[in-house]
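>
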Amino acid sequence: MESSMTDLRGIAEHFALPAAVTSVEPLGNGNVNDTFRVETAGGQRFVLQRLNTHVFPRPELVMANIVALNRHVAGRGAPSGPQRERWELPEAIPLRAEAAESHGEPGGQAFQLEVPSGVWRLISHVDQATTHDTVLSLDHAAELGRGLGTFHRLIHDLPCAQLADTLEGFHITPAYLASYERVRANLQSSSPERRFDADERHCIAFVEQRRDLAGVLEQAKAAGVLQLRPIHGDPKVNNVMLDATSGRAVALVDLDTVKPGLVHYDIGDCLRSGCNPAGEECRDLDAVVFDLDRCRAILDGYLDQARGFLTPPDFDHLYVAGRLISFELGLRFFTDHLAGNRYFKVSHPRHNLERALVQFRLTESIEAQEPAIRAVIEELR
Ligand code: GN1
Ligand code: MG
47 MESSMTDLRG
57 IAEHFALPAA
67 VTSVEPLGNG
77 NVNDTFRVET
87 AGGQRFVLQR
97 LNTHVFPRPE
107 LVMANIVALN
117 RHVAGRGAPS
127 GPQRERWELP
137 EAIPLRAEAA
147 ESHGEPGGQA
157 FQLEVPSGVW
167 RLISHVDQAT
177 THDTVLSLDH
187 AAELGRGLGT
197 FHRLIHDLPC
207 AQLADTLEGF
217 HITPAYLASY
227 ERVRANLQSS
237 SPERRFDADE
247 RHCIAFVEQR
257 RDLAGVLEQA
267 KAAGVLQLRP
277 IHGDPKVNNV
287 MLDATSGRAV
297 ALVDLDTVKP
307 GLVHYDIGDC
317 LRSGCNPAGE
327 ECRDLDAVVF
337 DLDRCRAILD
347 GYLDQARGFL
357 TPPDFDHLYV
367 AGRLISFELG
377 LRFFTDHLAG
387 NRYFKVSHPR
397 HNLERALVQF
407 RLTESIEAQE
417 PAIRAVIEEL
427 R
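Position in the sequence shown counted from 1, then plus 46, gives you this note's numbering.
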């Protein structure tokens, strides 16, 4: 549903803002939620989002996870000494008392506004920071990795029991494979006349050849080789904010998918996003490659922060993490294409198919460089 700027201002004003709203503008290019930047009379900025409740059916749990994360990180105390660096964690802004009461939270705090136009929440804004859709330099790659490593370091000891599972099946590749098979079977029974084109046939064959890959991380988890930890869930390049002056990573944003998981989902996602200079939306498949230098820089930056809590089996599964999460995202895009584009926002009917082809090409590039990628991991271990 479209919302006018006046509606958006009214929505923002239900939250405990320090001053009147002066502007609301679209922000970023997320595939799932709708995002806006709100500015108030005092010049403070906030991020207003309409949560996609088809994807996140329990918004109150999404908000509770963000609150739990902030409480945990604040409880660690501010870093001190000469090494002290800027680091921020976006915070949820509560509804104003009257608005919370009308949401059935008398005297309590509520963090989401449920109105006919949807479920809305307001988050603090990371000021003086920039973000990009692709990695622009090796320094940027190192900061991407360092940002994810810092985030993991700060939350790795938050007990998983304190986080809700806000998105069941997220990054469980065998579940995506099963869903893909259901969608294909439904398509065949509902539209027997439907013929697959050459790109679709390529995707079908691609998935077929990698059925065994789908279970590798889940099997290692089930065997107790890899452990659940709190994760970000979506640490792609444009979710890592860089200080506008120094270029150093200062925050991970987009905390909706924070929940218990494997750090490998995050590392894999960071690699698939950060090592493809062509980006996710590229139409020239020949430009899609997994860049080994970016991979080294990302892992080096990550390990600088995260080495202390990684186990030898964690290292053993780093290569497959990058391969699997690239494959998984391609599978998710392709499934959504076959299902009629219901999950990811699209701007044209073949959009999810094109995105799938990019991720599958990236997966192939990773596979072609397996010995070299493994050598980089060994070198940094
Ligand atoms: C979605 O909405 P956005 O752009 O933050 C998706 C991620 C994908 C990403 C690919 C909840 O994230 O898993 O990696 O698109 N988020 C969800 O761009 O499914
Ligand atoms: Mg996201």
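Where is the CB? At the ideal position from N, CA and C, for every residue including glycine. All values reported here derive from a predicted model rather than from experimental measurement.
For a quick check, are the C-beta atoms of residue 157 and residue 109 less than 7 Å apart?
yes
> Indicate whether residue 309 and residue 342 have their beta-carbon atoms separated by less than 7 Å.
no
> By alpha-carbon positions, which one of 168, 148, 399, 351 ends up nearest to residue 131?
Residue 351 is the option with its Cα nearest to residue 131.
> Given a threshold of 16 other Cβ atoms within 10 Å of its Cβ, counted over all protein chains shown, does residue 111 qualify as buried or as exposed?
buried
> Using the Cα positions of residue 85 and residue 146, report the straight-line distance between them to the nearest angstrom.
A straight-line Cα-Cα distance of about 22 Å links residue 85 and residue 146.
> Can you check whether the CB of residue 399 is closer than 7 Å to the CB of residue 229?
No, these two residues do not count as a Cβ contact at 7 Å.
> Of the choices 173, 361, 75, 100, whose alpha-carbon is the least far from that of residue 313?
361
> Cα separation between residue 216 and residue 425?
31 Å
> Name, in chain order, the residues that DSSP records as bridge partners for residue 133.
Bridge partners of residue 133: none, in fact.
> Of all the options 306, 234, 55, 180, which has the alpha carbon lying nearest to the alpha carbon of residue 322?
Residue 322 has its Cα closest to that of 180, out of 306, 234, 55, 180.
> In terms of residue numbering, what span does the beta strand (DSSP E) encompassing residue 305 cover?
Segment 305–307, the beta strand (DSSP E) holding residue 305.
> To the nearest whole angstrom, what separates the beta carbons of residue 286 and residue 190, a pair I think is in contact under 8 Å?
Indeed, because the Cβ distance is near 5 Å, the residues count as touching under 8 Å.
> Who are the near neighbours of residue 423 in its chain, counting only those whose CB is closer than 8 Å to its CB and skipping five residues on each side?
Cβ within range, chain order: 345, 361, 364, 365.
> Which runs of the alpha helix (DSSP H) at least 4 residues long sit entirely within the stretch 179–253? Give them in chain order.
Listed in chain order, the complete alpha helix (DSSP H) runs (minimum 4 residues) inside the stretch 179–253 are 184–201, 219–236.
> Measuring only the C-alpha atoms, how far is residue 75 from residue 319?
15 Å
> Name the residue from 291, 401, 393, 257 whose alpha carbon lies nearest to the alpha carbon of residue 327.
Selection 291, 401, 393, 257 evaluated against residue 327 yields 401 as nearest (Cα-Cα).
> Confirm, please, whether the CB-CB distance from residue 219 to residue 374 is below 7 Å.
yes
> Report all residues from its chain with a CB closer than 6 Å to the CB of residue 81; omit the five preceding and five following residues, and keep chain order.
In its chain, beyond the 5 residues on either side, 73, 74, 95 have a beta carbon closer than 6 Å to the beta carbon of residue 81.
> Within 10 angstroms of the Cβ of residue 278, are there 16 or more other Cβ atoms? Answer buried if so, exposed if not.
The residue is buried, with at least 16 neighbouring Cβ atoms inside 10 Å.
> Pull up the distance between the alpha-carbon of residue 164 and that of residue 51, whole angstroms please.
15 Å
> Of all the options 369, 299, 69, which has the alpha carbon lying nearest to the alpha carbon of residue 133?
299
> At a cut of 8 Å, does the stretch 413–422 reach the stretch 332–342 through at least three beta carbon pairs?
yes
> Secondary structure at residue 274, three-state DSSP: helix, strand or coil?
coil
> Can you find a heavy atom of the ligand MG that lies under 6 Å from the Cβ of residue 300?
yes
> Could you give the first and the last residue of the continuous alpha helix (DSSP H) run that contains residue 108?
105–121
> Using only the heavy atoms of the ligand MG, determine whether one of them is closer than 6 Å to the beta carbon of residue 80.
no
> Does the distance from the C-beta atom of residue 372 to that of residue 408 stay below 7 Å?
yes
> Going by DSSP, name the residue or residues bridged to residue 160.
165
> Which same chain residues end up closer than 7 Å to residue 250 when comparing Cβ atoms and leaving out the 5 residues on each side of it in sequence?
242
> Can you give me the Cβ contacts of residue 174 inside the same chain, cut-off strictly under 8 Å, excluding the 5 residues immediately before and after it?
289, 290, 291
> Note the first and the last residue of the continuous alpha helix (DSSP H) segment covering residue 340.
338–352
> Tell me whether residue 211, by its Cβ, gets closer than 6 Å to a heavy atom of the ligand GN1.
no
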